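So in our numbering, spot 58 of the sequence shown is number 58, and the numbers just go up one at a time. Have a look at the structure below, then the notes.
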Amino acid sequence: MELQTSDLDADELLHLAIQASQSDRHDQAITYLKRAMAKAPENADIYYFLGAEHAQIGLYERAMEEMAQALELNPALHTARFQLGLLYLTSGRVEPSLQTLQPLEELGEQSYFYWFALGLGHLIRDEFADCKRTLEQGIGLNQANPALNNDMQRILDAMKDKIDAPTDAPVEEAEAGGGNLWLSAYQKDDDETQH
Numbered sequence: 001m002e003l004q005t006s007d008l009d010a011d012e013l014l015h016l017a018i019q020a021s022q023s024d025r026h027d028q029a030i031t032y033l034k035r036a037m038a039k040a041p042e043n044a045d046i047y048y049f050l051g052a053e054h055a056q057i058g059l060y061e062r063a064m065e066e067m068a069q070a071l072e073l074n075p076a077l078h079t080a081r082f083q084l085g086l087l088y089l090t091s092g093r094v095e096p097s098l099q100t101l102q103p104l105e106e107l108g109e110q111s112y113f114y115w116f117a118l119g120l121g122h123l124i125r126d127e128f129a130d131c132k133r134t135l136e137q138g139i140g141l142n143q144a145n146p147a148l149n150n151d152m153q154r155i156l157d158a159m160k161d162k163i164d165a166p167t168d169a170p171v172e173e174a175e176a177g178g179g180n181l182w183l184s185a186y187q188k189d190d191d192e193t194q195h
């Protein structure tokens, strides 16, 4: 007898969704996540991962709504907070980005999220050297989520010409990178968040 997804609980469906996403099967991941959400509508992780999948396929408004819902359910879901702030920023919504990222600055210097949030703040203000310094500090601290380091490295690579430019050169708007920038490979936060 073949196992039906209706026989699976929300955690099993969430893990299947993560595996599907890692295999670039975003359609299957979204299906699993929606089924998981029906079984556990108060699970912040499900909203976050669904938002990440929607961002991956270009449904940014939906992604922002789902990540915001994840934070409403669990304000300590730091990866969701960071990704939502980054999504706001790359959508040109500077104030919501700053407001979303601000609580990460309260985590302190021992947290890579602190450094990444500071770095994005510097990026917003066109303080490229400070952005580079703080993002690199965060990358050095982040051993838990290498994919997030890759996202931050993409930002550094995208603004390399701005860092190397003479200080009197005109500043153009920095580009944040490609479609994978929103995601951090579905790795869990380090000890800061329990799932």
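Backbone N, C-alpha and C fix where the C-beta goes; we use that ideal spot for every residue, glycine too. Please read these numbers as outputs of a predicted model, since none were measured by experiment.
Asked: Cutoff 6 Å; reference residue 201; Cβ partners in own chain excluding five residues on either side; Found: Nothing can be reported for residue 201: it is not among the residues displayed for the chain, which extend from 1 to 195.
Asked: Which of helix, strand or coil DSSP assigns to residue 9; Found: coil
Asked: Residue 159 in three-state terms, based on DSSP; Found: coil
Asked: DSSP state of residue 91 mapped onto helix, strand, coil; Found: coil
Asked: Span separating the alpha-carbon of residue 78 from that of residue 7; Found: 31 Å
Asked: Collapsed DSSP secondary structure at residue 150 in the structure displayed; Found: helix
Asked: C-alpha gap between residue 61 and residue 140, whole angstroms; Found: 32 Å
Asked: Pairwise C-alpha distance: residue 52 and residue 107; Found: 23 Å
Asked: Same chain only: Cβ atoms within 6 Å of residue 119, ignoring 5 sequence neighbours per side; Found: 131, 134 and 135
Asked: Rounded C-alpha distance that separates residue 163 from residue 44; Found: 37 Å
Asked: Residue range of the alpha helix (DSSP H) that includes residue 126; Found: Careful: residue 126 lies outside any alpha helix (DSSP H) and carries neither H nor E.
Asked: Supposed contact pair residue 114 and residue 98 - C-beta distance, whole angstroms, cut 8 Å; Found: Not confirmed; about 15 Å, so no contact.
Asked: Local conformation of residue 42 per DSSP, three classes; Found: coil
Asked: Proximity of residue 70 and residue 47 at Cβ, strictly below 8 Å; Found: yes
Asked: Sub-8 Å separation of residue 112 and residue 85 beta-carbons; Found: no
Asked: Buried versus exposed, by CB contacts within 10 Å (16 or more), residue 66; Found: buried
Asked: Beta-carbon proximity list for residue 275, same chain, < 7 Å, skipping 5 on both sides; Found: Nothing about residue 275 can be reported from this structure: the residues present for the chain run from 1 to 195 only.
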